[in-house]
Amino acid sequence: MICVSKNKSLLKSQNLKIFGQGKLNGIVEISGAKNSALVLLAASLLTNEKIILHNVPRLTDIEKMGNILKNLGVNLIDKNNKLEIDSKNISIKELPYELVNGLRASFFCIGPLLSKYGEAKVPLPGGCNIGSRPIDEHINGLKALGAEIIIEERIVKAKIKGKKNKLNGTHIKLKCPSVGATETLIMAASLADGRTTIENAAREPEIQDLCQMLNKMGAKIYDSGKEKIIIDGVNKLGGCTHKVIPDRIEAGTFLIAAAATSSSITISPVIPNHLEAVTNKLHESGSRISIKGNSITINPRELKAVNINTAPFPGFPTDLQAPFTALMTIASGESKITETIFENRMNHVHLLKKMGANIKLNKNIAYIKGVKTIKGMDLVASDLRSSAALIIAGIIAKGNSKIYGLEHLDRGYENFESKLKILGIKIAREFNNKSCKESKYKIDQEPEEIPKCTAA
Ligand code: EPZ
Numbered sequence: 007m008i009c010v011s012k013n014k015s016l017l018k019s020q021n022l023k024i025f026g027q028g029k030l031n032g033i034v035e036i037s038g039a040k041n042s043a044l045v046l047l048a049a050s051l052l053t054n055e056k057i058i059l060h061n062v063p064r065l066t067d068i069e070k071m072g073n074i075l076k077n078l079g080v081n082l083i084d085k086n087n088k089l090e091i092d093s094k095n096i097s098i099k100e101l102p103y104e105l106v107n108g109l110r111a112s113f114f115c116i117g118p119l120l121s122k123y124g125e126a127k128v129p130l131p132g133g134c135n136i137g138s139r140p141i142d143e144h145i146n147g148l149k150a151l152g153a154e155i156i157i158e159e160r161i162v163k164a165k166i167k168g169k170k171n172k173l174n175g176t177h178i179k180l181k182c183p184s185v186g187a188t189e190t191l192i193m194a195a196s197l198a199d200g201r202t203t204i205e206n207a208a209r210e211p212e213i214q215d216l217c218q219m220l221n222k223m224g225a226k227i228y229d230s231g232k233e234k235i236i237i238d239g240v241n242k243l244g245g246c247t248h249k250v251i252p253d254r255i256e257a258g259t260f261l262i263a264a265a266a267t268s269s270s271i272t273i274s275p276v277i278p279n280h281l282e283a284v285t286n287k288l289h290e291s292g293s294r295i296s297i298k299g300n301s302i303t304i305n306p307r308e309l310k311a312v313n314i315n316t317a318p319f320p321g322f323p324t325d326l327q328a329p330f331t332a333l334m335t336i337a338s339g340e341s342k343i344t345e346t347i348f349e350n351r352m353n354h355v356h357l358l359k360k361m362g363a364n365i366k367l368n369k370n371i372a373y374i375k376g377v378k379t380i381k382g383m384d385l386v387a388s389d390l391r392s393s394a395a396l397i398i399a400g401i402i403a404k405g406n407s408k409i410y411g412l413e414h415l416d417r418g419y420e421n422f423e424s425k426l427k428i429l430g431i432k433i434a435r436e437f438n439n440k441s442c443k444e445s446k447y448k449i450d451q452e453p454e455e456i457p458k459c460t461a462a
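7 is the number of the first residue of the sequence shown in our numbering; add one for each residue after it.
Next comes the structure, spelled out in structure tokens:
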């Protein structure tokens, strides 16, 4: 019987077959950060000159964002992990629903389009498997900068009020340190008249990477990475060449997989201070962590249960909560995992329980009692980071597993199974010749209706 996630997604015709009780060994190369590359692509709309991005991961989310830009009239040359972007001939300032629907990050285009062209029409990104994903902080901030915004038939229509056709710098205090809202408002303010300060700004490394690239383009942004960011608007932004930072979430996923299999591996390139909350928790749970330049080596000695509270950066990242929960299923002792960022990001828990994990879930808190082993099963992941968690569980488990729902995995992990194979894991992607509906599999509990998913 295939145990399926509560999400009524259409099962794609691919799965990963994993032979359990694997060990990892060696060095794994970390790709460029998905959540940086996506916003850097949106930021390229702010200039008529060429942007060259290096170290761009090959992911379906990146491909979707590229299609959205091309649909606007952007000339985008894809040279594997290098993208050349030329936005001088943008013809339209609205994004079509069918392109946006699969990619929440497409909403990041509203700031650049509004600030550069005075208008933008972007479909509401909608909710998703991990939560309702509101955009009120984006909207309120753009209004504070002088935008007139109406939402009609699920389309956000924004334009600059008055004749000046420029936004006006202002003071904005976010109610929560939203990554996306901080990014939208930085990009909008970069071409505004005067100074904008954003208080309670998100401090994620991907925001710092965005500010670094914008400053190379001629922006005047100060204190990115701090709670209060200052942007002095300029008249024009130029082109530049920029290298995307390493993906801290992919890096953390591999460290967690190593701890789960008592394997010693090295990950590189990384920026160690982007992973501090994660390496501290892995150290607390019994692994020895050594850092040399842009490499981190993990040497697990034992696996003790530890508690996790997800939090905005520099706290423990919500994107690693699911993989860490998989790790804690076999840790000795009792752990408590609290998800504080998204309201529905525990979809992996009931599947880990099917594998034999001892977890009690109370809303967004998972109480885990470590068990000796979990058993391999056929499972369907329901979102990007849950799919990574289930793959780690499959590697730990006794017996084989098949993980479905790879359309989620391929959004955020570049060549994931090939990297695991190089590290010694027996794993293979199987292509079935039919895609099948979930309804063909016995579902042991009525799946709750989850809003149509747009990607994170
Ligand atoms: C970004 O999403 C990332 N996505 C997410 O990664 C990541 O989990 C998240 O930041 C938190 O770190 C990209 O960068 C493309 P938020 P974002 O706005 O910007 C509330 C992955 O797996 N909120 O920081 O959408 C919201 O409900 C993905 O790679 C508002 O209330 O996240 C949530 O509870 C998943 N109003 C909290 O803030 C708003 O206007 C954090 O959301 C916006 C957000």
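C-beta atoms are modelled at their ideal positions from N, C-alpha and C, and glycine is treated no differently.
Residue ranges of uninterrupted alpha helix (DSSP H) with 4 or more members, entirely inside the stretch 197-241 and ordered along the chain, are 211-222. Inside the stretch 132-171, DSSP marks whole alpha helix (DSSP H) runs of 4 or more residues at positions 142-150, from first to last along the chain.
In this model, Ile277 and Ala39 are separated by some 11 Å (Cα to Cα). Under the 10 Å beta carbon count, His248 is surrounded by 16 or more other beta carbons and is classified as buried.
Counted as a single uninterrupted DSSP element, the alpha helix (DSSP H) harbouring Asp67 occupies residues Thr66 to Leu78.
Contact between Val80 and Leu101 fails: their C-beta atoms lie close to 12 Å from each other, not under 8 Å. DSSP lists Thr303 as the bridge partner or partners of Ser296. Inclusion of Ala187 in the 7 Å shell around the ligand EPZ follows from its C-beta lying nearer than that to a non-hydrogen atom of the ligand. Counting the other Cβ atoms within 10 Å of the Cβ of Lys85 gives fewer than 16, which makes it exposed. Around the beta carbon of Gly299, fewer than 16 other beta carbons sit within 10 angstroms, so the residue counts as exposed. Distances from the CB of Arg110 to the heavy atoms of the ligand EPZ include at least one below 7 Å. Only buried fits His354, as 16 or more other CB atoms lie within 10 angstroms of its CB. Between Leu261 and Ile251, the CB-CB gap reaches or exceeds 8 Å.
Using a Cβ distance threshold of 8 Å, Gly137 and Asn350 count as a contacting pair. Residue pairing of Arg435 in beta bridges, as defined by DSSP: Leu22. Pairing Ile371 with Ser393 gives a Cβ-Cβ distance that is not under 8 Å. Judged by beta-carbon spacing, Ile91 lies within the 8 Å limit of Leu82, meaning their Cβ atoms are closer than that value. When DSSP assignments are scanned along the stretch 317-405, the uninterrupted stretches of alpha helix (DSSP H) that are 4 or more residues long and fall wholly within it turn out to be 327-334, 355-360 and 390-402. For the 8 Å CB-CB criterion, Ala328 and Gly376 do not form a contact. For the ligand EPZ, no non-hydrogen atom lies closer than 7 Å to the CB of Asp215. Sixteen is the threshold: when 16 or more other Cβ atoms of the shown chains lie within 10 Å of the Cβ of Ile402, as they do, the residue is buried. By the neighbour-count criterion, in which 16 or more other beta carbons inside 10 Å mark a residue as buried, Ser184 falls on the buried side. Per DSSP, the continuous beta strand (DSSP E) segment holding Asp92 begins and ends at Lys88 to Asp92. Contact between Thr188 and Ile213 holds, with the beta-carbon distance rounding to 6 Å and staying under 8 Å. In this structure, the straight-line span from the alpha carbon of Lys163 to that of Met219 is close to 27 Å.
Relative to the ligand EPZ, the beta carbon of Arg209 is positioned no closer than 7 Å to any heavy atom. Going by beta carbons, Ala207 and Lys234 fall inside the 8 Å limit.
Straight through space, the alpha carbons of Leu180 and Glu210 are spaced by roughly 15 Å. Taking the C-beta atoms as reference points, Cys134 is found nearer than 8 Å to Arg110. Annotation: the continuous beta strand (DSSP E) that includes Lys179 extends over His177 to Lys179.
DSSP, read as helix, strand or coil, puts Leu105 in helix. About 6 Å separates the Cβ atoms of Ser291 and Leu309, confirming a contact at the 8 Å cut-off. The beta-bridge partner set that DSSP reports for Glu125 consists of Lys165. In the DSSP annotation of this structure, the continuous segment of the alpha helix (DSSP H) that includes Val185 starts and ends at Val185 to Ala195. In this structure, Gly124 keeps its C-beta atom at 8 Å or more from the C-beta atom of Ile271. Comparing alpha carbon positions, the residue from Cys115, Ile96 and Ser37 closest to Met193 is Cys115.
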